[in-house]
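Asks: Quick one: the structure is below, questions incoming.
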């Protein structure tokens, strides 16, 4: 069963059923943009298309398409060529000739390579290794990685200061325990001369899903798009951004400190899924793509800075839903899932991930005329892809405040936060669970209050989005979640267990404790167990056994996120009596094995 979009920019409501998917053209999923120095060619990274499209900017037509190995995750211009990050071989940097489309140089970087940033003066590239929590530094003269810089958690974007001395890195999620009153994702600051992290700038409380960074043309400010979660309140309503809001944070680059966080929503309508951000060359406008509501915000930058400067307590701006009311225009886009954007002299290019198209909006005219290019004409969408679209779409949510992606921003995984969801009472927050294998490992929720994931999907739409979807749409979400695949653990060595992990495997299997509950292909017995670890707010200490597959990606741990690491859980928390039985080396080996699953 498959679905067909009559044109690439149509709404989901226009999706019609096809009887045969065998000849379908799969989506290409545009994920990044780069403009040639002469501005005659726009290069589009096509993630699932494993290609780069070269688009003639005058005619807005595809001039060439370069097939490449692996999923193409990011682009940057280097001289007359393109540098592209790829998932091939668990992370590569490719140099692509823009005339022939051939790979002329390549080098291994880290797993999850994305978001390349180029220091042209020093001939260096900085690559975010998303799954390895590090930055690869590549010498472009010799096209070789020279070092890796550890950052915090899932680096997803980077930006270089105007003088090239500082690299800013956006970490997607918070780190540390989640049973706290304040937690937020951070911006890592790297001294490019020493390739050392000098500090981490913590954002406003609840900041997560950091998507994009942009240095202002004068170099004085760094712009960051992200979600601002209100995780301290129960999920009883959605009015006025009660659960999640969308934010733009401004970093002062002179003091390397948070200057202000402002909300991008309106009082009665959310602007979720804030993704790409850019600024006009004259610094008069800030542009933000809203992937959840399929819009582009055009913000009067001087007016925004005046409002911020006039505020005595700038921290209050993180709660002000009216700040954008008279200084921003929300431009609806005829498409689905705008993510990367790129400003030019007359307007903004917007690539839409799910409708597989490219739009140029002319901002020099009040009517905002646009030109449109279908990257994949007659795009056909499978049921799995439709489910992914719905999972990321906030347009059906009450007042468009959030999508499923709001609490599961890492491809259906976790947001690193605790939420007080009312399915097991009120006043007892729980850590967000990954949805990987949720349909294969019932019951769902840590308390087991939902018999299976199908029930959880429907309850989530009803009680978290305060919305209703057709059963066919809900089944599509089920299909998407069922088809989620685990990312191979970055702790593996050439795809195999390390020597420490092999020793840990023996401890895991022979201790008589770990494997008793964590067994089978998903490392869970799918049963409830009394762990005798109830917190002050808990009404029980009997929990469903979680899967250990991809546990390296899903911290913090335990039902309330009290353990930042597996070591905290096993040693400090004495999980399953481990602290009484294991020596230090055995702890290290056991954890190495579990993190390799």
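Numbering (the numbering used here), first residue to last: 302 to 898.
Heads up, the beta-carbon is just placed ideally off N, CA and C, and yes, glycines get one too.
All values derive from a computational prediction rather than experimental measurement.
Can you look up residue 642 in the DSSP assignment and give me helix, strand or coil?
Replies: Three-state result, residue 642: strand.
Asks: Since residue 773 is in the alpha helix (DSSP H), which residue starts that stretch and which ends it?
Replies: 772-783
Asks: Can you tell me the Cβ-Cβ gap for residue 480 and residue 861, rounded? I've got them flagged as a contact below 8 Å.
Replies: Rounded, the Cβ-Cβ distance is 5 Å, consistent with contact.
Asks: Between which two residues does the beta strand (DSSP E) holding residue 334 run?
Replies: 331-336
Asks: Which residues mark the beginning and the end of the beta strand (DSSP E) in which residue 355 is found?
Replies: 352-357
Asks: Kindly indicate which residue of 527, 681 and 489 has the alpha-carbon position closest to the one of residue 619.
Replies: Cα-wise, what sits closest to residue 619 is 527.
Asks: Does the beta carbon of residue 727 fall short of 8 Å from some heavy atom of the ligand NAD?
Replies: No copy of the ligand NAD occurs in the structure displayed, which carries no ligand at all.
Asks: Write down the C-beta distance between residue 710 and residue 720 rounded to the nearest angstrom, noting that I regard them as a contact closer than 8 Å.
Replies: With a Cβ gap of about 13 Å, residue 710 and residue 720 do not count as contacting.
Asks: Taking 7 Å as the limit between beta carbons, can you name the residues of its chain near residue 670, skipping five residues before and five after?
Replies: 663
Asks: Check whether the region 536-545 and the region 735-743 touch, using three or more Cβ-Cβ pairs below 8 Å as the test.
Replies: Short answer: they don't touch.
Asks: Write down every uninterrupted run of the alpha helix (DSSP H) in the region 689-774 whose length is 4 residues or greater and which is fully enclosed by it, in chain order.
Replies: Those alpha helix (DSSP H) runs which fall completely within the region 689-774 and span 4+ residues are 754-764.
Asks: Alpha carbon to alpha carbon, how far is residue 701 from residue 574? Give it in angstroms, no decimals.
Replies: 10 Å
Asks: Does residue 666 pass the burial test, meaning 16 or more other C-beta atoms within 10 Å, or should it be called exposed?
Replies: exposed
Asks: Taking all protein chains shown into account, do 16 or more other C-beta atoms lie within 10 angstroms of the C-beta of residue 629, making it buried, or fewer, making it exposed?
Replies: buried
Asks: Give the C-beta separation of residue 428 and residue 394 to the nearest angstrom, bearing in mind that I take them to be a contact with Cβ-Cβ under 8 Å.
Replies: 6 Å
Asks: Does the distance from the C-beta atom of residue 459 to that of residue 468 stay below 9 Å?
Replies: yes
Asks: Checking 9 Å against the spacing of the C-beta atoms, do residue 586 and residue 631 come in under that value?
Replies: no
Asks: How about residue 643 and residue 334: do their beta carbons lie closer than 9 Å?
Replies: Contact flag set, yes.
Asks: So, does the region 690-704 touch the region 763-776, judging by three or more C-beta pairs under 8 Å?
Replies: yes
Asks: Let me check one thing: in DSSP terms, what residues is residue 503 bridge-paired to?
Replies: 487
Asks: Tell me the DSSP bridge mates of residue 673?
Replies: 660
Asks: Leaving out five residues on either side along the sequence, give the residues of the same chain with a beta carbon under 7 Å from the beta carbon of residue 707.
Replies: 528, 545 and 573
Asks: With a 10 Å radius around its C-beta and 16 neighbouring C-beta atoms as the bar for buried, classify residue 368 as buried or exposed.
Replies: exposed
Asks: What does a CB cutoff of less than 7 Å around residue 543 pick up in its chain, not counting 5 residues either side in sequence?
Replies: 531 and 534
Asks: Are the region 648-659 and the region 670-689 touching, with three or more C-beta to C-beta distances below 8 Å?
Replies: yes
Asks: How many whole angstroms separate the CB atoms of residue 371 and residue 351, which I take to be in contact at a CB cut-off of 8 Å?
Replies: 6 Å
Asks: Identify, in the order they occur along the chain, each residue of the same chain with its Cβ nearer than 6 Å to the Cβ of residue 308, setting aside the five sequence neighbours on each side.
Replies: Residue confidence is low: residue 308 scores 36 on pLDDT, short of 50, so the model does not pin down where it sits. No coordinate-derived value is stated.
Asks: Could you tell me whether the Cβ atoms of residue 593 and residue 703 are closer together than 9 Å?
Replies: Yes, these two residues count as a Cβ contact at 9 Å.
Asks: Note down, in chain order, each residue of its chain lying with its Cβ closer than 8 Å to the Cβ of residue 890, except the 5 sequence neighbours on either side.
Replies: 801, 802, 804, 805 and 808
Asks: Let me check understanding here. Comparing Cα to Cα, which of 491, 638, 885 and 791 lies closest to residue 501?
Replies: 491
Asks: Whole angstroms is fine: what's the gap from residue 577's alpha carbon to residue 867's?
Replies: 34 Å
Asks: Note down the Cα distance separating residue 898 from residue 754, rounded to an integer number of angstroms.
Replies: 22 Å
Asks: Taking 6 Å as the limit between beta carbons, can you name the residues of its chain near residue 884, skipping five residues before and five after?
Replies: none
Asks: Under 8 Å by Cβ, that's how I've got residue 441 and residue 454 pegged, so tell me the actual separation to the nearest angstrom.
Replies: Going by Cβ atoms, the distance from residue 441 to residue 454 rounds to 27 Å, so no, they are not a contact pair.
Asks: So the beta strand (DSSP E) residue 899 belongs to, where does it begin and stop?
Replies: With the chain covering only 302 through 898, there is no way to say anything about residue 899.
Asks: When we look at the beta-carbon of residue 448 and count the other beta-carbons within 10 Å, is it buried (16 or more) or exposed?
Replies: exposed
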